[in-house]
Amino acid sequence: MNKHIRIAAAVLIAALVAVPMFAARGAADFSHLVVLGDSYGAGFESGSLNERHQPWSWGAVLARQVGYDICPATAVATDDCFAVPLVSYPGLGNELTLTSLIPGPVIAPAPGSAAPRMINFARPYNNLSIPGATVGALLTLTGAETPTAGEPTAVSMARFILRGLGTPVQQAIAQRPSFIALWIGGNDYLNVMFSGTPATITPAADFKVRYEALLDALIAGAPNAGMVVGNLPSGIPPYLTLVPPVLVDPTTRQPILIGGQPVFYMVDSGNGTQAPITATTLIPLQTRDKIAQGYGLPALLRNIPPFSLLPHVGEPLSPNDVITADEISQVFTRIAEYNTIINQAAAARNIPVADVAGLFSRVSAPGGISLGPISVSSAPVTGGFYSFDFFHLTDLGYLLFGNEFIKAINEGYDTEIPLASITQLFANNGAFFPDANAAAQLSFIGTNNGITTEGLKQIQSFWQKPTILRRSRAVGH
Amino acid sequence: MRFTRLTIAVSMTCLLAASAFGSGFLIPEQGAKASAMAGAFAATADDPSAIFYNPAGIAQQRHMAAYAGTTLINFSNEFTGDPTSPVTSGVTGEYNRHTFNVPNMYAVVPLGNNFTLGVGVFAAFGLRTDWEDPWAGRYISKDADLKTTSVNPVIAWQSSDGRFAFGGGVEYRRARVILSANRMALNPFTGRIVDVANTRLVSEYGDDIGFNAGVLVKVTPRFRIGASYRTDMDIELEGDAEINQIPTGSAQLDAIIGAQLPPDQRINTVFPFPSIATIAVAFSPNDNWDVELDVIKTGWSAFEALPVNFESTPAASFVREQNWEDSNSYRIGINHNATEHWDVRGGFVYDENPQPVEAVSPLLPDSDRLGASFGAGWHAGPFTVDGSLLVLHFKDRDTDGANEEGFNGMYETDALLWSVNLGYRF
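Line by line, the protein sequences are chains V and Y. Count the first sequence with this note's numbering and you get residues 33 to 509, in order. Count the second sequence with this note's numbering and you get residues 20 to 445, in order.
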């Protein structure tokens with residue numbers, strides 16, 4: 033009897049040791065990966081969604097690292113590749129490009145027009161991320177909505193991404209996904225940047241209901257699928273910091289002093305009065321267009337050239353043109369609430385959480401992060417993280433974003449998916465093959481003008497395929 | 020006259036020697052018989068290569084003799100990036116294939132009954148880490164090339180009964196080094212990481228004087244003890260920094276980069292070479308067998324840093340921290356007189372690496388080594404021919420995320436060292 037008790041105790045102890053404290057749901061089976069998200073998941077970059085950057089979305093980065101090829105525009109439904117709703121260059125809208133650095137950065141939209149290239153692709157896309165989508169949109173949009181003037185971005189984007197085949201959740205489930213990666217929630221608060229008022233932020237209670245409903249719908253439709261979600265960053269993108277709160281000399285970029293004092297922009301304070309904004313007030317980049325017409329400039333500049341040439345000097349900015357420190361504080365509070373909801377919802381469903389917030393925090397720290405030969409920071413234009421709309425990320429930024437999901441999967445599922453490397457963004461500009469065109473750029477899709485066949489072959493071999501097998505399963509799950 | 024011509028020939032051969040590699044960057048394979056015994060030779064030291072291994076050993080060589088040969092080194096090094104690193108995940112790399120020729124020549128001349136003079140010319144230190152393009156670590160090192168040549172005259176004395184000998188000499192060593200790496204930057208126009216310049220640091224030959232000494236005691240006819248020491252040296256090197264801008268495809272970016280690049284200019288550095296201390300015992304159970312065990316301590320702690328000073332723009336100067344540690348090498352060799360004319364040899368070596376993990380980088384990724392040697396010697400009349408093969412396996416060296424430059428991963432190295440020497444006894 034004692035012997036049996038000892039054996040039973042040993043088995044029990046062994047079982048307790050063998051079962052991890054946090055067993056992620058489903059399995060790390062990437063035989064059919066589906067990604068759900070917003071513009072970051074779609075690879076929206078520099079004000080545009082186009083095929084030069086869609087293969088660099090965080091979802092596509094993840095897909096490549098687990099063994100997928102990104103489907104070319106000519107792919108058919110039976111091709112075993114990661115399907116993305118590719119849009120031709122210069123994209124929807126036209127990609128903002130850096131045209132000059134000297135004497136200062138000049139950013140302009142690329143000319144031309146674009147169109148979706150895979151509208152007739154005969155299965156749902158693996159990447160169902162929709163620029164502009166909120167949590168609620170993933171449950172409701174279908175792409176069959178009647179066009180209306182001024183419709184939200186998500187509605188117009190859903191038209192060629194969802195194509196009326198069902199909601200993102202429905203299309204994800206219809207694919208019988210083995211693994212679902214989800215990052216959503218940014219647009220539930222980021223509209224504050226464009227509206228200038230926290231009133232547009234989704235209330236935390238609503239966010240909770242929708243987020244949990246989203247997870248539960250996915251789990252109900254794909255009960256055996258592995259899952260990963262991500263938390264939300266609370267950093268301030270360059271979009272809100274590029275326009276200083278004071279009048280600056282456009283040439284020297286130094287504050288203009290009047291009476292020895294900087295000139296703060298004026299904002300409508302109600303009842304026909306106006307007051308200067310404070311040094312901690314943020315001005316969204318789109319407000320620059322109003323300032324260029326004279327809005328926000330104090331009346332005392334009305335008769336001083338060159339300000340006298342502006343038609344609206346003396347008229348205040350709207351409160352919705354700026355974001356006060358109090359409003360920013362409200363946003364940060366709401367993001368913290370969202371993250372609590374995400375963490376709790378994920379934990380209750382055994383879903384690992386990618387620390388996206390941590391990435392943004394590290395990149396925004398002084399000096400950014402050191403990555404081999406470069407440093408990556410949140411600095412505009414040269415920082416390497418934010419694209420030229422100063423809100424969405426660069427290919428490099430999305431690569432790092434995708435790595436946070438890989439880390440979370442590896443931790444949650446005890447897998448060894450290799451991180452994506454910045455060497456995937458090394459360009460051969462003549463360093464190896466002197467006959468290569470110095471301007472040639474590499475992308476996963478498109479031509480490689482000017483690169484010799486030998487050069488291309490060597491570079492492609494340099495982009496090592498991840499060693500993990502797509503159909504590998506997590507150890508112990 | 021014949022000796023003079025021989026010496027000149029030796030010098031010319033070594034000046035043309037290609038650089039190679041060794042423990043750290045020591046090359047202890049300086050004679051085919053010694054190499055066949057895995058370098059365990061300081062208590063045997065019975066051919067002219069004793070000038071390198073233990074100068075006291077030439078005292079027992081009572082005929083004028085010359086001994087010359089080379090070691091051909093083939094080695095491979097493969098790098099596999101750390102899958103948890105956003106810098107090196109998925110990265111692989113390997114050295115360009117080279118066969119390195121490390122020649123050696125020695126001559127000994129007895130003087131009277133107890134003295135022997137000798138001179139050796141060899142390359143005891145060398146390094147080449149030449150990464151094959153496209154190499155992701157090129158911003159740390161594309162190519163590192165260290166060449167040395169030593170001329171080592173020695174004199175040795177032995178007691179009349181031959182049981183005790185000591186010797187010593189002066190080593191004149193010259194060295195030069197070439198370091199090549201690319202500078203990289205993020206191209207804001209394209210979002211890609213591009214090469215913006217190649218920095219090639221080329222030194223002229225610098226030199227220094229050191230000393231070596233040794234003692235050999237034949238305790239009994241079948242038991243010998245040997246010890247030797249070679250001093251450390253610091254060779255001051257001067258040379259040129261050649262900084263060649265690489266076009267990025269953007270004239271504006273090129274202009275910005277160009278304004279930041281230092282101009283070509285004179286540079287200087289001090290390159291440290293370690294001391295080598297050996298203690299050895301040898302036992303001959305009968306007339307046909309010899310067994311030797313050597314312990315060699317190399318004073319790599321002298322290699323604390325590699326500073327490169329730019330003379331025109333001091334701000335461009337840099338220091339590569341190394342902080343190496345002294346290391347031991349354990350070698351056992353066996354020689355068997357199989358027939359009247361043939362000897363067969365073998366040995367094993369375990370060589371500790373001196374390099375802390377933080378310093379393991381594309382510049383020099385070192386690791387502990389385990390090797391087995393095989394060889395044979397043929398001798399008839401005045402002629403001797405020795406040959407050997409040393410198979411050296413480097414333990415896989417993982418930087419464990421500790422590389423100071425964030426370039427982490429696994430280095431896997433193997434080497435084959437083929438040695439042959441011809442000897443003639445006058």
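Even for Gly, the Cβ is constructed at its ideal location relative to N, Cα and C.
Have a look at ALA459/V, ASN461/V, THR455/V and flag the residue whose alpha-carbon is nearest the alpha-carbon of GLY100/Y.
Locating residue 100/Y in the second sequence gives position 81, where the first residue counts as 1. Checked all of ALA459/V, ASN461/V, THR455/V; the closest Cα to GLY100/Y is THR455/V.
Near LEU435/Y, what residues of its chain come up, given a Cβ to Cβ distance below 8 angstroms and the 5 sequence neighbours on each side ignored?
Taking the first residue of the second sequence as position 1, residue 435/Y is located at position 416. Result list for LEU435/Y: ILE92, ASN93, PHE94, LEU408, LEU409, VAL410, LEU411, in chain order.
Contact set for SER104/Y: own chain, Cβ-Cβ below 6 angstroms, skip 5 residues either direction
Indexing the second sequence from 1 puts residue 104/Y at position 85. Correct list, in chain order: ASN427.
Which of the three DSSP states, helix, strand or coil, is assigned to TRP97/V?
Indexing the first sequence from 1 puts residue 97/V at position 65. Trp is not the amino acid found at residue 97/V; the sequence shown has Gln there. Assignment of GLN97/V by DSSP, reduced to helix, strand and coil, places it in the helix class.
Determine the DSSP secondary structure at TRP343/Y, reduced to helix, strand or coil.
Counted from its first residue, the second sequence places residue 343/Y at position 324. Coil.
Is the beta carbon of ARG249/Y sitting closer than 8 angstroms to the one on TYR224/Y?
Locating residue 249/Y in the second sequence gives position 230, where the first residue counts as 1. Locating residue 224/Y in the second sequence gives position 205, where the first residue counts as 1. At least 8 angstroms separates the beta-carbon of ARG249/Y from that of TYR224/Y.
Strictly below 7 angstroms CB to CB, what residues from chain Y border VAL413/V?
Within the first sequence, residue 413/V is the residue found at index 381, counting from 1. Residues of chain Y whose Cβ lies closer than 7 angstroms to the Cβ of VAL413/V are, in chain order, PRO207.
Which residues of chain Y have a Cβ atom closer than 9 angstroms to the Cβ of SER301/V, listed in chain order?
To locate residue 301/V, count along the first sequence from 1; it is residue 269. Chain Y residues near SER301/V: none, gap ~40 angstroms exceeds 9 angstroms.
Would TYR158/Y count as contacting chain V if we go by Cβ distances under 8 angstroms?
For the purposes of this step, residue 158/Y is identified with residue 139 of the second sequence, where counting begins at 1. Using a Cβ-Cβ cut-off of 8 angstroms, TYR158/Y counts as an interface residue toward chain V, since at least one Cβ of chain V sits closer than that to its own.
On the criterion of 16 or more Cβ atoms from any shown chain inside 10 Å, does GLY144/V qualify as buried, or is it exposed?
On the first sequence, position 112 is the one that residue 144/V refers to. Its Cβ having fewer than 16 others within 10 Å, GLY144/V is exposed.
Partners in chain V for SER104/Y, counting only beta-carbon separations shorter than 7 angstroms:
Counted from its first residue, the second sequence places residue 104/Y at position 85. Listed along the chain, the chain V residues whose CB falls inside 7 angstroms of the CB of SER104/Y are LEU451.
Quick check: the Cα distance between THR418/Y and GLU340/Y, rounded to an integer number of angstroms?
Residue numbering aside, residue 418/Y sits at position 399 when the second sequence is read from its first letter. Residue numbering aside, residue 340/Y sits at position 321 when the second sequence is read from its first letter. Going by C-alpha positions, THR418/Y is about 16 angstroms away from GLU340/Y.
Strand pairing of THR167/Y, partner residues [DSSP]:
Along the second sequence, read from residue 1 onward, the residue named residue 167/Y stands at position 148. THR167/Y is bridged to ALA194/Y.
By the 10 Å Cβ neighbour count, where 16 or more other Cβ atoms means buried, how is GLY420/Y classified, buried or exposed?
Taking the second sequence and counting its residues from 1, the one referred to as residue 420/Y is at position 401. Flag for GLY420/Y reads exposed.
With a floor of 4 residues, list each alpha helix (DSSP H) that falls wholly inside the region 231-319 of chain Y, ordered by position along the chain.
Qualifying alpha helix (DSSP H) stretches, in chain order: 270-279.
To the nearest whole angstrom, what separates the beta carbons of SER409/V and SER78/V, a pair I think is in contact under 8 angstroms?
Numbered from 1 along the first sequence, position 377 holds the residue referred to as residue 409/V. Numbered from 1 along the first sequence, position 46 holds the residue referred to as residue 78/V. At roughly 18 angstroms, the Cβ-Cβ gap does not stay under 8 angstroms, so SER409/V and SER78/V are not in contact.
If you measure from the beta carbon of GLY262/V to each beta carbon in chain Y, is any gap under 8 angstroms?
Indexing the first sequence from 1 puts residue 262/V at position 230. No, no contact with chain Y.
Taking the C-alpha atoms as reference points, what is the distance between GLY277/Y and THR267/Y?
Within the second sequence, residue 277/Y is the residue found at index 258, counting from 1. Within the second sequence, residue 267/Y is the residue found at index 248, counting from 1. Computed Cα separation, rounded: 11 angstroms.
Which runs of the beta strand (DSSP E) at least 3 residues long sit entirely within the region 304-337 of chain V? Give them in chain order.
Listed in chain order, the complete beta strand (DSSP E) runs (minimum 3 residues) inside the region 304-337 of chain V are 305-308.
Classification of ASN152/V by the beta-carbon crowding that lies within 10 angstroms, buried from 16 upward
By one-based count along the first sequence, residue 152/V stands at place 120. Exposed.
Leaving out the 5 sequence neighbours to the left and right, which residues in its chain are closer than 8 angstroms to THR199/V when beta-carbon positions are compared?
Here residue 199/V corresponds to residue number 167 of the first sequence, with the count starting at 1. Hits under 8 angstroms: LEU170, LEU171, THR172, LEU173, THR174.
What residues in the region 432-448 of chain V have a beta carbon less than 7 angstroms from any beta carbon of chain Y?
Residues LEU432, ASN435, GLU448.
Look up GLN293/V in the DSSP assignment and say whether it is helix, strand or coil.
Taking the first sequence and counting its residues from 1, one reaches residue 293/V at position 261. Note: GLN293/V maps to strand in three-state DSSP.
Taking the Cβ atom as the reference point for each residue, do PRO281/Y and PHE329/Y lie within a distance shorter than 8 angstroms?
Position 262 of the second sequence holds residue 281/Y. Position 310 of the second sequence holds residue 329/Y. Contact flag set, yes.
At the 8 angstroms Cβ level, is THR267/Y part of the contact set with chain V, yes or no?
If you number the second sequence from 1, residue 267/Y lands on position 248. Chain V, which has a Cβ nearer than 8 angstroms to the Cβ of THR267/Y, makes this yes.
So is GLY478/V in contact with chain Y if we call contact Cβ pairs under 8 angstroms?
Looking up residue 478/V in the first sequence gives position 446. Residue placement at GLY478/V cannot be trusted, given a pLDDT of 28 that sits under 50; the coordinates are not used to answer.
Once the 5 residues before and after HIS85/V are set aside, which same chain residues still bring their CB inside 7 angstroms of it?
Within the first sequence, the letter at position 53 stands for residue 85/V. Annotation for HIS85/V: GLY75, GLU77, ASP427 place their beta carbon closer than 7 angstroms to its own, counting only its chain and skipping 5 residues before and after.
Look at the alpha carbon of THR313/V and the alpha carbon of ALA274/Y, and state the distance between them as a whole number of angstroms.
Within the first sequence, residue 313/V is the residue found at index 281, counting from 1. Within the second sequence, residue 274/Y is the residue found at index 255, counting from 1. Their Cα atoms are separated by approximately 36 angstroms.
Given that a residue counts as buried once 16 or more other Cβ atoms are within 10 Å of its Cβ, and exposed if not, what is LEU313/Y?
Along the second sequence, read from residue 1 onward, the residue named residue 313/Y stands at position 294. Contrary to the premise, residue 313/Y reads as Asp rather than Leu in this sequence. With 16 or more other Cβ atoms within 10 Å, it is buried.
Could you tell me if PRO466/V is buried or exposed, where buried requires 16 or more neighbouring beta carbons within 10 angstroms of its beta carbon?
Stepping through the first sequence from its first residue, residue 466/V is reached at position 434. Confidence is the limiting factor: at PRO466/V the pLDDT is only 41, short of 50, which leaves the residue's position unreliable and the question unanswerable from this model.
Taking 8 angstroms as the threshold (beta carbon to beta carbon), is SER108/Y in contact with chain V?
Sequence index remark: in the second sequence, residue 108/Y carries index 89 (1-based). Proximity of SER108/Y to chain V, defined by a Cβ-Cβ separation below 8 angstroms, is satisfied.
Excluding the 5 residues flanking ARG381/V on each side, which residues of the same chain have their C-beta closer than 7 angstroms to its C-beta?
As a first step, residue 381/V must be located in the first sequence, where it is residue number 349. Correct list, in chain order: ARG57, LEU247, ILE251.
Assuming ARG243/Y contacts ALA62/Y (C-beta within less than 8 angstroms), just tell me the rounded distance between them.
Taking the second sequence and counting its residues from 1, the one referred to as residue 243/Y is at position 224. Taking the second sequence and counting its residues from 1, the one referred to as residue 62/Y is at position 43. The Cβ separation is near 5 angstroms, so the contact holds.
PRO384/Y and ASN231/Y - do their beta-carbons sit closer together than 8 angstroms?
Here the question's residue 231/Y lines up with position 212 in the second sequence. Here the question's residue 384/Y lines up with position 365 in the second sequence. It is not a contact, given that the beta carbons lie outside the stated cut-off.
Applying the 10 Å Cβ sphere with the 16-neighbour rule, what's the burial state of LEU165/Y?
Within the second sequence, residue 165/Y is the residue found at index 146, counting from 1. With 16 or more Cβ atoms within 10 Å of its Cβ, LEU165/Y is classed as buried.
Does the separation of the CB atoms of VAL224/V and ILE216/V fall below 8 angstroms?
Here the question's residue 224/V lines up with position 192 in the first sequence. Here the question's residue 216/V lines up with position 184 in the first sequence. In this structure, ILE216/V does not lie closer than 8 angstroms to VAL224/V by Cβ.
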